[in-house]
Amino acid sequence: MASDRIRLYTLVYLALVGLAASKYIFFHLNELVFFAEITWWGYWEAMGATMTTAVLKTTLIVAYFQHLRWEPRSLTNLMLMSVALVILLMAAASFSIT
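Mapped onto our numbering, the consecutive letters of the sequence shown carry residue numbers 1 to 98.
If you want it as structure tokens, here you go:
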């Protein structure tokens, strides 16, 4: 039982390390690929990929290290609703700034 949890946490940790390393790969892709010139991959594509991996890393941390995966679904839904409301609040605040 305990060894299963250690194995699970180790796999999640390795996934987080891989996702963190992918940020470097996204921004230096043209330097790392020697056999072809990648002209369609620019700064904004790397930024979008980095934001996507940030969401994936946050999901892994919240689900496994903060134990939200094993909580009742009502608590999980409450947390998701609070994140959605924070995003709405930030969007509304951005309109009042401009």
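The C-beta atom is built at its ideal place from N, Cα and C for all residues, glycine as well.
Straight-line Cα distance separating Ala63 from Trp70: Looking up residue 70 in the sequence shown gives position 70. Looking up residue 63 in the sequence shown gives position 63. Roughly 8 Å between the two C-alpha positions.
The segment 16-29 touching the segment 49-61, judged by at least three CB pairs closer than 8 Å: yes
Selection from Val33, Phe27, Glu31, Met51 that minimises the alpha carbon distance to Tyr43: If you number the sequence shown from 1, residue 43 lands on position 43. If we check each option's Cα against that of Tyr43, Phe27 comes out closest.
N- and C-terminal bounds of the alpha helix (DSSP H) containing Gly48: Against the sequence shown, residue 48 aligns to sequence position 48. Note, Gly48: alpha helix (DSSP H), 43-60.
Local conformation of Val12 per DSSP, three classes: For the purposes of this step, residue 12 is identified with residue 12 of the sequence shown, where counting begins at 1. Three-state result, Val12: helix.
Spatially closest choice to Phe65 from Tyr24, Tyr13, Met79, by CA coordinates: Counting from 1 along the sequence shown, the entry for residue 65 is found at position 65. Looking at the Cα atoms, Tyr13 is the closest of the given residues.
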